[in-house]
Each structure stands twice: as C-alpha cells, then as structure tokens.
Amino acid sequence: ISLRKKYYGASTISLGELEAWCQRNSLIPDDDDKPWVLKYQTEYEDEINKDDDNKNKFRFFVTTRRLLFNASISYKVHVDAIYKLIWQEFPCFIIGTTDMIRQFHPFGFAVCSNEKQNDFEFIFSYLRAGNMR
Numbered sequence: 004i005s006l007r008k009k010y011y012g013a014s015t016i017s018l019g020e021l022e023a024w025c026q027r028n029s030l031i032p033d034d035d036d037k038p039w040v041l042k043y044q045t046e047y048e049d050e051i052n053k054d055d056d057n058k059n060k061f062r063f064f065v066t067t068r069r070l071l072f073n074a075s076i077s078y079k080v081h082v083d084a085i086y087k088l089i090w091q092e093f094p095c096f097i098i099g100t101t102d103m104i105r106q107f108h109p110f111g112f113a114v115c116s117n118e119k120q121n122d123f124e125f126i127f128s129y130l131r132a133g134n135m136r
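To convert, count from 1 in the sequence shown and add 3; that's the numbering used here.
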C-alpha cells in the first residue's frame, strides 16, 4: 500500500461514496462563503431511466450562499464544460454570468457523468430552486 493511499485514501471514489459525501455536504451552512451541495442526483444501473445508456449516472452542483445571491440578481446564465478541469475523469461545468464590462462571475460548479439535455436541465432547474431557498 502506498503512503499516499494510506493517508489520503483511494484516488477514485465509488458512486455510493459520492452519494454519501453529497448527503453530508447538502446542509446550508451559516457562513455565506462555505461551499455546500445545492442538489445532487445519482442513478444506478438497475434503476429505470429514460436515457439511452445503462451506466451509472450522477450529477451534483456545488455553490455558496453568496454566489447564489449573485445568481438571483442576474439576467443571463452561462454554462460551460471545462475539460482542463476534470474530476474523476469527468468535466466540471462552470456556471455563472457576465456583467456589462464582460467580466465573468461564477455561481458554482457542477459535475455530471453525461452532457445531455437532462444534465443541463438539472443545472438550470436547481439553480433557480436554490435561489428560492
């Protein structure tokens, strides 16, 4: 067993471990700048779904209370999958807006196992729902 694995654990994470991490971090913190999981969703191979592939799927969205406030006063939303920023070999989606002088202001990030319409609907619907919390 390597020293790194001994101190930091395995370099990969299972779907069950990801779901447990999301559950632990889904409570809204008192600190406006502490990150938390706004929403997450996991689907296992044996669950019925409407997508065409039968693989495990996951989606989660991480933000802060202050970033959600910025989202509540914005009129435009930008989402981009960043392939230079990956997590467990999946691209990170950066969500944010731009202002009048073309500066980008992030709302948070999401990681999804796919890049299909359902994944983008997940991001947009829970961004709106998060602003209502």
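Quick reminder that beta carbons are idealized off the backbone N, C-alpha and C, glycines included. Predicted model only: the values in this text are computed from it and were never measured.
Within a 10 Å sphere around the beta-carbon of R105 sit fewer than 16 other beta-carbons, which makes this residue exposed. In the three-state reduction of the DSSP assignment, Y43 falls in the strand class, which pools E and B. Per DSSP, Y78 lies in no beta strand (DSSP E) and is assigned neither H nor E.
The secondary-structure analysis by DSSP pairs R62 across a beta bridge with Q44 and C115. From the listed residues E124, I76, E92 and N28, the smallest Cα separation to T101 is found for I76.
For G99, the secondary structure class from DSSP, reduced to helix, strand or coil, is strand.
Straight through space, the alpha carbons of F63 and P94 are spaced by roughly 12 Å. The secondary-structure analysis by DSSP pairs I89 across a beta bridge with P94.
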